[in-house]
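Worksheet: one structure, shown below.
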Amino acid sequence: MKINHHPDDCTIIAYAAGALTEGFSLVLAAHLEYCPLCRERLTDAQTLGGALLMDLQPTQPPAGGLDDIWARIESASAEEPRTAATATASDEVLPGVLLPFLEGGFDSIPWRSLAPGIGHHLFDDVESGQGGVRLLSIAPGITIPEHTHGGGELTLVLKGAYQDEIGYFRRGDLADLDPSVSHRPVAARDEPCICLIATDLPLRFSGMVGRMLQPFIGI
Amino acid sequence: MTITTPVPDALLKPSNQIITDWLLAIATRRDRSAFELLYNHFAARIKSYMIKQGADAATADDLAQEAMVQVWRKAEQFDADKAAPATWIFRIARNLQIDRLRRRKFHEVELTAEADRTDEGVSGHERSAEQIDADRLRGLIENLSKEQMDVIQLAFFEGLTHSEICQRLDLPLGTVKSRLRLAFGKLRTAMGEQP
Numbered sequence: 001m002k003i004n005h006h007p008d009d010c011t012i013i014a015y016a017a018g019a020l021t022e023g024f025s026l027v028l029a030a031h032l033e034y035c036p037l038c039r040e041r042l043t044d045a046q047t048l049g050g051a052l053l054m055d056l057q058p059t060q061p062p063a064g065g066l067d068d069i070w071a072r073i074e075s076a077s078a079e080e081p082r083t084a085a086t087a088t089a090s091d092e093v094l095p096g097v098l099l100p101f102l103e104g105g106f107d108s109i110p111w112r113s114l115a116p117g118i119g120h121h122l123f124d125d126v127e128s129g130q131g132g133v134r135l136l137s138i139a140p141g142i143t144i145p146e147h148t149h150g151g152g153e154l155t156l157v158l159k160g161a162y163q164d165e166i167g168y169f170r171r172g173d174l175a176d177l178d179p180s181v182s183h184r185p186v187a188a189r190d191e192p193c194i195c196l197i198a199t200d201l202p203l204r205f206s207g208m209v210g211r212m213l214q215p216f217i218g219i
Numbered sequence: 220m221t222i223t224t225p226v227p228d229a230l231l232k233p234s235n236q237i238i239t240d241w242l243l244a245i246a247t248r249r250d251r252s253a254f255e256l257l258y259n260h261f262a263a264r265i266k267s268y269m270i271k272q273g274a275d276a277a278t279a280d281d282l283a284q285e286a287m288v289q290v291w292r293k294a295e296q297f298d299a300d301k302a303a304p305a306t307w308i309f310r311i312a313r314n315l316q317i318d319r320l321r322r323r324k325f326h327e328v329e330l331t332a333e334a335d336r337t338d339e340g341v342s343g344h345e346r347s348a349e350q351i352d353a354d355r356l357r358g359l360i361e362n363l364s365k366e367q368m369d370v371i372q373l374a375f376f377e378g379l380t381h382s383e384i385c386q387r388l389d390l391p392l393g394t395v396k397s398r399l400r401l402a403f404g405k406l407r408t409a410m411g412e413q414p
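Residue numbers (our numbering), protein chains in the order written: chain B, 1 to 219; chain C, 220 to 414.
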């Protein structure tokens, strides 16, 4: 699989630093399963994090010191951090990190129709600032009205393809959009396009049709 | 009268190789003195990291201690072929920060060598030698311009989003992003990567 569109360096750094919403981390993790190049970029960014930590100006050592450490170890009270289970990269159609959200695969997704040819499914238990994470299914040849993004948006193609002002996006490709980008994606003609999308603020539709859709879409 | 024994350089600024040896001593024989050396280097730095991330002093103490407890407990899981030891410790601290300070979930993918499919360039094997070269990276970081260092520090340690960095430095988003890209690109190129 050839991946042509990747996250920005800034997004990779924010992921390595842990400064992304859960929703953005989910979409990036799914892209990483497809993309060995970005796994390398992330490894480098985390190595940078480690190097910076090693040479960080230290404060006073933590109160309690080593005595407190040995006491904690003996009392066995430490909790595991609540990060989600780590997925292993796979070649399956659906990235492993999405399996907990879509146990039955693509066929079992309870699509809600937004407009003719456009289906929508919100992951309602994933936090993403004032935005959210959703799947969008766009029938062949259908266009999403032109819109910009109040904040950032990550769009990962899971199936099919779409074309917009930036380029042609196929399975595994990720569009890393900031507020300056306005686009009007059109699904390719041969099959429906399914995308995983994380936003951290609501979208802004610019045209008349889009503005009419806004209250219904709510995205 | 106090006699000050000079601390050897290796302990003031231990290399990743030395830290790897400490971790392996903990993993294989629960070596408490190796852990104390590791603790002396990292505990105060992790506390400093937590304060930069917005923790108050008591929380930073607690999270730094918790991170070091996890280093002790998980030492067997450290794999020197996958990551530099400082990177592994950084991830422990980062995940605690995400979990306890931000109260967020965070999705990760295993970055193992075997996960690297060979049909797209670099194999896992070639990478692991480069990953260990984290000490060279420390030297390269010192050569970044102050402007680049500032954005890198804010991005990694203060947990700021890019727009928050813009507000802090009073710079447009494009400038902050291009500085981050330049700094990261420079480091990766210097480490022998494709930019």
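All residues carry an ideal CB built from backbone N, CA and C; glycine is no exception.
Inset, instruction - Have a look at residue 302 of chain C and residue 44 of chain B and give me their C-alpha separation to the nearest angstrom. - result: 10 Å
Inset, instruction - Starting from residue 135 of chain B, follow its DSSP beta bridges and name the residues at the other end. - result: B:121, B:196
Legend entry - Interface flag, residue 348 of chain C vs chain B, CB-CB below 8 Å: For residue 348 of chain C, the predicted structure reports a pLDDT of 44, less than 50, and the residue's modelled location is therefore unreliable. The matter cannot be settled from this model.
Legend entry - Counterpart residues of residue 165 of chain B in DSSP-defined beta bridges: None; residue 165 of chain B has no bridge partner.
Legend entry - Run of the beta strand (DSSP E) containing residue 157 of chain B, from where it starts to where it stops: 153-159
Legend entry - Local conformation of residue 367 of chain C per DSSP, three classes: helix
Inset, instruction - Go ahead and pull the three-state DSSP assignment for residue 277 of chain C. - result: helix
Legend entry - residue 131 of chain B versus residue 15 of chain B: straight-line alpha-carbon distance, rounded: 17 Å
Inset, instruction - Would you kindly report the start and end of the unbroken beta strand (DSSP E) that includes residue 320 of chain C? - result: No beta strand (DSSP E) contains residue 320 of chain C, which DSSP labels as neither H nor E.
Inset, instruction - Closer than 7 Å, Cβ to Cβ, to anything on chain C: give me those residues from the segment 185-203 of chain B, in chain order. - result: none
Inset, instruction - Counting only the same chain and skipping the five closest in sequence on each side, list residues whose C-beta sits under 7 Å from that of residue 392 of chain C. - result: 381, 382, 385
Legend entry - Boundaries (first-last residue) of the beta strand (DSSP E) holding residue 176 of chain B: 174-177
Inset, instruction - Compare the C-beta of residue 299 of chain C with all C-beta atoms of chain B and state if any pair is closer than 8 Å. - result: no
Legend entry - In chain order, each beta strand (DSSP E) run of at least 3 residues that lies wholly inside the segment 20-45 of chain B: none
Legend entry - Chain-ordered neighbours of residue 127 of chain B on chain C, where CB pairs are closer than 8 Å: 323, 324
Legend entry - DSSP three-state assignment for residue 126 of chain B, whether helix, strand or coil: coil
Inset, instruction - Compare the C-beta of residue 306 of chain C with all C-beta atoms of chain B and state if any pair is closer than 8 Å. - result: yes
Legend entry - C-beta neighbour in chain C for residue 110 of chain B, strict 8 Å: no
Inset, instruction - Kindly indicate the opening and closing residues of the beta strand (DSSP E) around residue 148 of chain B. - result: 147-149
Legend entry - Partner residues on chain B for residue 266 of chain C, Cβ-Cβ distance less than 8 Å: 58, 59, 60, 61, 62
Inset, instruction - Spatial neighbours of residue 165 of chain B within its chain, please: CB distance less than 6 Å, with the 5 preceding and 5 following residues excluded, ordered by chain position. - result: 183
Inset, instruction - Verify the CB distance criterion: does residue 163 of chain B have a CB-CB separation below 8 Å to chain C? - result: no
Inset, instruction - Thinking residue 137 of chain B and residue 194 of chain B are a contact (beta carbons under 8 Å), I'd like their distance in whole angstroms, please. - result: 5 Å
Inset, instruction - Leaving aside the five residues before and after residue 30 of chain B along the sequence, list all residues of the same chain whose C-beta is less than 7 Å from its C-beta, in chain order. - result: 95, 97, 98, 156, 196
Inset, instruction - Alpha carbon to alpha carbon, how far is residue 177 of chain B from residue 167 of chain B? Give it in angstroms, no decimals. - result: 13 Å
Legend entry - Residue from C:376, C:272, C:243, C:371 with nearest C-alpha to residue 400 of chain C: C:371
Inset, instruction - Have a look at residue 264 of chain C and residue 59 of chain B and give me their C-alpha separation to the nearest angstrom. - result: 7 Å
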